[in-house]
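Here's the structure we're looking at; comments come further down.
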Amino acid sequence: MSIPIAIVDCNNFYASCERVFNPKLNGKPIVVLSNNDGMIIARSDEAKALGIPMGEPLFKIKDIAEKNGVHIFSSNYSLYGDMSHRVMTILEQFSPDVEIYSIDEAFLNLDGFQRLDLTEYCRKIRKIVKQWTGIPVSVGVAETKTLAKLANRLAKKDKTNNGVLNLIDRPDIDSFLKRVAVEDVWGVGRQYTKLLNLHNIFTAYDLKNAKDKWIREKMTVMGLRTVFELRGIPCVNFDYTPSPKKAIISSRSFGRSVKEKNEIKEAISFFVTRAAEKMRHQKSAATLLTVFLRTNPFKNTPQYHNGCLVKLSVPTDSTAELIHFAMKGVEQIYRAGFLYYKVGVMLAGLIPYNRAQLPLFDTENRLKMDKITEMMDLINIEMGTGTIFYAATGISRGWKTRAERRTPNYTTDWENLPEIKDFYEAMEE
DNA sequence: TCTGGGGTCCTAGGACCC
DNA sequence: TCTGGGGTCCTAGGACCC
7 MSIPIAIVDC
17 NNFYASCERV
27 FNPKLNGKPI
37 VVLSNNDGMI
47 IARSDEAKAL
57 GIPMGEPLFK
67 IKDIAEKNGV
77 HIFSSNYSLY
87 GDMSHRVMTI
97 LEQFSPDVEI
107 YSIDEAFLNL
117 DGFQRLDLTE
127 YCRKIRKIVK
137 QWTGIPVSVG
147 VAETKTLAKL
157 ANRLAKKDKT
167 NNGVLNLIDR
177 PDIDSFLKRV
187 AVEDVWGVGR
197 QYTKLLNLHN
207 IFTAYDLKNA
217 KDKWIREKMT
227 VMGLRTVFEL
237 RGIPCVNFDY
247 TPSPKKAIIS
257 SRSFGRSVKE
267 KNEIKEAISF
277 FVTRAAEKMR
287 HQKSAATLLT
297 VFLRTNPFKN
307 TPQYHNGCLV
317 KLSVPTDSTA
327 ELIHFAMKGV
337 EQIYRAGFLY
347 YKVGVMLAGL
357 IPYNRAQLPL
367 FDTENRLKMD
377 KITEMMDLIN
387 IEMGTGTIFY
397 AATGISRGWK
407 TRAERRTPNY
417 TTDWENLPEI
427 KDFYEAMEE
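Residues in the first sequence are numbered consecutively from 7, following the working numbering.
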């Protein structure tokens, strides 16, 4: 007997988070912007209905937004992260095996729940999450992850489903597959869509019936896996305990273009600090460090982009040491005269810290360095990120990303607790 | 004025080994 | 005259995800 898999997906997650704490926004169009207030990364249903596309730069929709009173927000990841955590905690009450797949999605293994009416069960999940967090979710249920994602999509699209679609034991499953375009299948992106369309494969149903050999040749085993999943054969396993990351990236575009090497260095030091913190959090050490910088590819100015990979002879998790090597990298690739718009750092070749090989003859006093790092982490956790930092990251932070329309951290900062009177006012309207 | 950030996996090809 | 076969590891690049 097959195992039912559910995927719970928050509707328009970022937009919904903003709405929870500002009930006046109910029924109003909302969009949320990417970092640096660059483009649209989330839209409420009302904003979608206005024809505002995903990924559109803000300046291109300014007119529509003004005309229709669209509410525009900078993204507020502290808020979204906390809301996500609340939703996931609730989901864990509905299945012992929950895989948190992204900030707004989770797979639930419903093995053992087969005797229940799964559609009813998922309606209950939906109701409780909405009641306890204010976030609306949709649920798709099927025998494979790919089919569950597809069911979820249809649940969201067709309002008659009430946010839940269960495809288990549906003899008419093909009629659902025919309603989903191939580019909307999980695992099929832009490039493969082009290729598939060229070969007259337009729907999930067409893809399900494609020839194995051809798919394997053109789309590798990943594509074949997708096809099998559409046929109801599970190929994508559950992953309950997130394994440590194999690479950690920290990068950002600047709020303005930056010319000076010193500013670039400060920004890179700042990103090294953040990446190293993340790395220590998962108890890894890096053997490779890459720094990169680039000019704005959307501008008609001289272009330059370059990266520099530093192999670290001794694996390290020390911010100070990583900054040291990163600065050497910057010296190598920085060219004067360009207007830089984005820089970043990647830590890779990560290994568990406790397995890190110490060299026989080492010039650094590692024990001492570990103590300093440990203490800095402690202070920053206790008293807030950025309380104590290396001078290399600078204090002016003139390169800082724009976020001009950010809402308060309602749930993670005592100073920003929402006030009940706002809710009353909204109810009276 | 103005276009995100952070990940994963697979494959081909080169270097190197015996 | 003439120069193997099989394996591993690493990297870059390309696809995908949210």
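From the three backbone atoms N, C-alpha and C, an ideal C-beta is built for every residue, glycine too.
Since we're looking at a predicted model, the values are computed, not measured.
Shown here, Gly-87 sits in a helix according to DSSP, grouped into three states. Of the candidates Met-89, Ile-106, Thr-152, the residue whose Cα lies closest to the Cα of Pro-248 is Ile-106. Here Arg-92 has Thr-139 as same chain residues with Cβ atoms under 6 Å from its own Cβ, once five neighbours each way along the sequence are excluded.
Taken through DSSP and simplified to helix, strand or coil, Glu-189 comes out as helix. Pairing Asp-15 with Asp-110 gives a Cβ-Cβ distance under 8 Å.
For Asn-312, the enclosing beta strand (DSSP E) begins and ends at 311 to 322. Residue pairing by DSSP places Pro-358 opposite Ser-290 in a beta bridge. In this model, Phe-298 and Asn-312 are separated by some 6 Å (Cα to Cα). One thing to note: Val-26 has its Cβ no nearer than 8 Å to the Cβ of Phe-79. Note on geometry: alpha-carbon atoms of Cys-128 and Ile-134 lie some 10 Å from one another. The segment 291 to 307 and the segment 370 to 377 do not touch, with fewer than 3 CB-CB distances between them shorter than 8 Å. Inter-segment contact for the segment 279 to 287 and the segment 335 to 354 is present: three or more beta-carbon pairs are separated by less than 8 Å. Ranked by Cα distance from Pro-240, the first of Gln-120, Asn-415, Leu-153, Glu-72 is Leu-153. Runs of the alpha helix (DSSP H) lying entirely within the segment 116 to 186, each at least 4 residues long, are 124 to 139, 151 to 163, 179 to 183 in chain order. Here Glu-98 has Val-104 as same chain residues with Cβ atoms under 6 Å from its own Cβ, once five neighbours each way along the sequence are excluded. In its chain, beyond the 5 residues on either side, Val-278, Thr-279, Ala-282, Glu-283, Thr-379, Met-382, Tyr-396 have a beta carbon closer than 8 Å to the beta carbon of Thr-325.
Taken atom to atom, the span from the alpha-carbon of Thr-417 to that of Lys-219 is near 52 Å. Residues of the same chain with a CB within less than 7 Å of the CB of Ala-53, apart from the 5 flanking positions on each side, are Pro-35, Ile-36, Val-37, Val-76 in chain order. Inclusion of Glu-235 and Val-242 in the CB contact set at 8 Å is warranted, their separation being smaller than that value. For Ala-21, the number of other beta carbons within 10 angstroms of its own is at least 16, and it is reported as buried.
Residue range 51 to 55 is occupied by the alpha helix (DSSP H) that includes Ala-55. Between Leu-56 and Asn-74, the C-beta gap is smaller than 8 Å, which places the two residues in contact. Beta-bridge annotation (DSSP): Glu-111 is paired with Asp-15, Ser-108.
Rounded to the nearest whole angstrom, the CA to CA distance from Tyr-198 to Ile-426 is 50 Å. Residues of the same chain with a CB within less than 6 Å of the CB of Thr-407, apart from the 5 flanking positions on each side, are Asn-41, Asn-42, Arg-258, Gly-261 in chain order. Between Thr-391 and Phe-276, the beta carbon gap of about 11 Å keeps them out of contact (Cβ cut-off 8 Å).
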